[in-house]
Amino acid sequence: MDFCETTKELWHIYFSGEQQDLWAALKWLAPDCVIIGTGAHEFYTKVEDFARALNEEIAERKDIAFQFKDLWCRQKALGEDACLVYGAVRIWWESDDKSIFIDMDSRFSVVYQRIMGEWKIVLMHQSVPNREQADGEYYPKALSEQLRKAQDAANEFAKLAEQDGLTGLSNYAMFQKRWQDWQDKDSWLFMMDLDDFKSINDTYGHMEGNRVLQEVAAVLSTVTRSEDVVCRMGGDEFLLLCGGLQGEEAAAKLARRILKNVNEGSENARHPIRISIGGTAVRYGEPVESAIERADRALYEVKKTTKNRFQLQ
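So the working numbering is basically just the index in the sequence shown, starting at one, shifted up by 469.
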């Protein structure tokens, strides 16, 4: 069946305004056909409602005689029993006294479906084209693209809401969320604090302080696995939740690697970067605050003595 020719015929009947032809054309519409238009924000889900509105519209047209500037269609099979027709229609008309001028350029899509052996229209949509919609595109395609972009933007905002803006690490809200879903066995929590960070800000400025925080964040991301959670808790404090560390020696080995990489990363810098670490084994089902409190106590023991080392508790 040539659905394009049928669709073109329906458009000519619609704009001709001949009521006898229009009532005959309504037989193509399924009783529960959905009809959407952006002109007057039309939305119909029953043929009788559309027919009633169409009758009122034709009465308002009076002496208008629409002329076609362009009308094209493409059809796309959606299976054995459904077909999509999409295209564009452009019509114009001007009153004798030049007071009224109509030049409407719109896109449309029509879905035909075979119901009980007969082809019926189950969906019609007509709208002014989106400025980004190219020739040959149909409305659902442009709409899908807009939805995809909106979803991408929403995902990006959601991602930003879970990130520390300076370092790109997880923020504390995201850390708490991951903690609730954490299932890894043999997990350890490490709390880290930069040594004498205030003196870096006071001596070299806050921009340098920000660079140091970013450098330490990069080191922590490098020495951990993708499934571990690295978080900037705030200021110069970091948290690391790491699974698969079977015993205290494995935890100590990771802490030593962090210290080594942070220290070596600043060998050629204007000032050394040093970090203190407190770690604790995570207990099954405990709240995050409990584990942080133990890690913080271990960190405090380091900070009040030699600094630039680690302690496990």
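Just so it is clear, CB atoms sit at the ideal spot from N, CA and C, and this is done for glycine as well.
Environment of residue i [buried if 16+ CB atoms lie within 10 Å]
| i | result |
| --- | --- |
| F707 | buried |
| Q782 | exposed |
| M585 | exposed |
| W497 | buried |
| G713 | exposed |
| N640 | buried |
| A764 | buried |
| S578 | buried |
| Q595 | buried |
| A760 | buried |
| F626 | exposed |
| I420 | Only positions 470 to 782 of the chain appear in the structure, and residue 420 is not among them; the question remains open. |
| D705 | buried |
Residue i versus the options, residue with shortest Cα-Cα distance
| i | options | result |
| --- | --- | --- |
| R576 | I746, W480, Q683 | W480 |
| R694 | G703, I727, Q683, R778 | I727 |
| W561 | K545, F537, V580, G548 | F537 |
| Q652 | E770, G704, C711, F666 | C711 |
| T475 | Q649, Q489, L495 | L495 |
| W492 | V516, M470, K567 | V516 |
| A787 | E563, Y673, D471, D650 | One cannot answer for residue 787 here, as it falls past the ends of the chain, which runs 470 to 782. |
| D490 | N524, D539, F666 | N524 |
| F659 | K545, K667, V771 | V771 |
| E696 | D705, K654, N737 | K654 |
| K545 | K567, S568, I569, V580 | V580 |
| T691 | K729, E762, S568 | K729 |
Same chain, Cβ closer than 7 Å to residue i, five either side skipped, listed in chain order
| i | result |
| --- | --- |
| A750 | W657 |
| G486 | I527, R530 |
| Q645 | V757 |
| A720 | W657, L714, G748, L781 |
| S669 | For the sequence presented, residue 669 should be read as Ile rather than Ser. Hits under 7 Å: E677, G678, V681, H740. |
| P609 | Any answer about P609 is weak, because its pLDDT of 47 lies below 50 and its placement is not dependable; what the coordinates show is given next. If we look at P609 and ignore the five residues flanking it on each side, its Cβ neighbours are S578. |
| E478 | none |
| I482 | D490, L491, A494 |
Unbroken alpha helix (DSSP H) run spanning residue i, endpoints
| i | result |
| --- | --- |
| Y581 | No alpha helix (DSSP H) contains Y581, which is instead part of the beta strand (DSSP E) from 570-584. |
| H675 | 675-692 |
| G506 | Note, G506: premise wrong, no alpha helix (DSSP H); beta strand (DSSP E) at 498-506. |
| M661 | Segment 657-663 is the beta strand (DSSP E) holding M661; no alpha helix (DSSP H) there. |
| I527 | 516-530 |
| E733 | 717-734 |
| E762 | 757-772 |
| A493 | 488-494 |
| M643 | 641-650 |
| L479 | 472-485 |
Start and end residues, beta strand (DSSP E) containing residue i
| i | result |
| --- | --- |
| R543 | 536-548 |
| W588 | 587-596 |
| W562 | 551-563 |
| S745 | 744-750 |
| R701 | 698-703 |
| L708 | 706-711 |
| Q782 | First-last for Q782: undefined, no H or E at that position. |
| E511 | 511-513 |
Cβ distance (whole Å) where residue i is taken to contact residue j below 8 Å
| i | j | result |
| --- | --- | --- |
| L592 | C502 | 7 Å |
| G747 | L723 | 13 Å between Cβ atoms; not a contact. |
| G734 | V688 | 6 Å |
| F484 | F535 | 4 Å |
| A499 | K618 | At roughly 32 Å, the Cβ-Cβ gap does not stay under 8 Å, so A499 and K618 are not in contact. |
8 Å Cβ shell around residue i - same chain, five flanking residues per side excluded
| i | result |
| --- | --- |
| A522 | E511, Y513 |
| K773 | none |
| Q632 | L638, S639, N640, M643 |
| E717 | A750, L781 |
| R725 | F779 |
| G703 | Y641 |
| I571 | I533, F535, I560, W561, W562, E563 |
Sequence-distant residues of the same chain with beta carbon closer than 6 Å to residue i, five excluded per side
| i | result |
| --- | --- |
| I744 | M661, L663, V731 |
| A686 | T636, L638 |
| R701 | D633, T636, L638, F707 |
| K776 | D664, S745 |
| N683 | According to the sequence displayed, residue 683 carries Gln and not Asn. Same-chain partners within the cutoff: T636. |
| D539 | R559 |
| Q574 | Looking at the sequence itself, residue 574 is Asp, so the reference to Gln does not match. The answer, listed in chain order, is R559. |
| L709 | F659, V699 |
| R647 | V698 |
| G506 | Q595 |
| R583 | D550 |
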